[in-house]
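Engineer: Before we start, here is the structure in question, set down as structure tokens.
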Amino acid sequence: MLNPLHVFYTASLVGISAFSGLLLLLYHCAPVLYYLASGILLGSVGYCLVLYLAPKSRVNGNGKAVFITGCDSGFGFGLAKRLDSLGFTVFAGCLLADSGGEGAKKLRAECSSRLSTVQIDVTDDGQVKAAVQQVKDRLPTGSKGLYALVNNAGIWQPGETEWVSLATYRRVMEVNTFGTVRVTKAFLPLIRRAKGRVVNISSVAGLYVAAMAGVYCMAKAALEFFSDALRHEMHKWGVKVVIVEPGSFGPSTNILLPNVYKQYIEVMSDAVTLSDPSHRYLVGADFEDYITTM
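Counting from 1113, one number per residue, gives the positions in the sequence shown under the working numbering.
Below, the structure written as structure tokens:
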């Protein structure tokens, strides 16, 4: 298998050789074009060097507060630790913050006093309201509001349309879409005050449909349009709305738990093509039992 770096180096050498040959040809045939092309080349190289060597700006986290949902594991857990290390005041929203969740325990043990875990189920209006009040009470001194809200909480449940119950559709939509809407609406006043930003963790699944993931794709597609609409509405307030679209990070984010993933593989093994009668099919009732136990 070709090494991507070797391909890149080879292509670069070929390009440089071809461009050098072109310059040599221009030098003998059209000196004016030769000097023009040389100037453009040197200017481009100089510009790239300036960009590379110039000091990179980094946001100073001192006095800035960020609220993140879904910090029990995965992206949310990692982001909470990273922002804490950069000096931000982090409110790590965890589903199991008050229930002995391992993620919340690790965050409290491994991070600074700037990080606090917040109990939040994004489908629960009462918990969302309580989370907003907790953030208000603990904002850094002198802070106008919330620097950023990261809507990261999400779930994924596989299945074809005919097999998946309406309860599953509602559950996935309630967490992935309406949960984001609920939390965003609750925190918008704090975000507007600081002219902050809303970061919605969507997915490439919001752009195209993957096999056995219609429910998840539908929820993420709705989240994409919600984010686009919110961006237009928040522009006049100086609030930014950002969409992040990861792909193929299921195992690392724990959005699909190992036991669920194992069941999913078994289901996919059973759901083979009709051309092979030696395999059985997981029919509607069987799959309904499977999907509702996840």
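Positions of the beta carbon are idealized from the N, C-alpha and C atoms, including for glycine.
1. Give a yes or no on contact between the segment 1202 to 1210 and the segment 1172 to 1185, applying the rule of three or more CB pairs nearer than 8 Å.
2. Just to check my reading of the structure: Ile1355 and Glu1336 have Cβ atoms closer than 8 Å, yes? What is that Cβ distance to the nearest angstrom?
3. Which partner residues does Arg1309 have in the DSSP bridge list?
4. Can you tell me whether Cys1160 is helix, strand or coil according to DSSP?
5. Tell me the rounded alpha-carbon separation between Arg1343 and Leu1258.
6. Per DSSP, what kind of secondary structure is Cys1206 in: helix, strand or coil?
7. If you compare alpha carbons, which of Lys1217, Ala1177, Phe1131 and Arg1305 is closest to Gly1199?
8. Helix or strand or just coil, what does DSSP make of Val1276?
9. Quick one: Cα of Leu1227 to Cα of Tyr1147, how far?
10. With 16 other CB atoms within 10 Å as the buried threshold, where does Gly1133 fall?
11. Are the beta-carbon atoms belonging to Val1316 and Gly1359 less than 9 Å from one another?
Structural biologist: So, to answer that:
1. Touching, yes, given that three or more Cβ pairs across the two stretches are closer than 8 Å.
2. Rounded to the nearest angstrom, the Cβ distance from Ile1355 to Glu1336 is 6 Å, consistent with a contact under 8 Å.
3. The secondary-structure analysis by DSSP pairs Arg1309 across a beta bridge with Ala1260 and Lys1352.
4. Here Cys1160 sits in helix by DSSP.
5. In a straight line, the C-alpha of Arg1343 is about 17 Å away from that of Leu1258.
6. Strand.
7. With respect to the C-alpha of Gly1199, the residue from Lys1217, Ala1177, Phe1131 and Arg1305 having the closest C-alpha is Ala1177.
8. Per DSSP, reduced to three states, the secondary structure at Val1276 is coil, with no helix or strand assignment.
9. About 58 Å.
10. In the assembly as shown, Gly1133 is an exposed residue. Its beta-carbon has fewer than 16 other beta-carbons within 10 Å.
11. A contact, by the Cβ cut-off of 9 Å.
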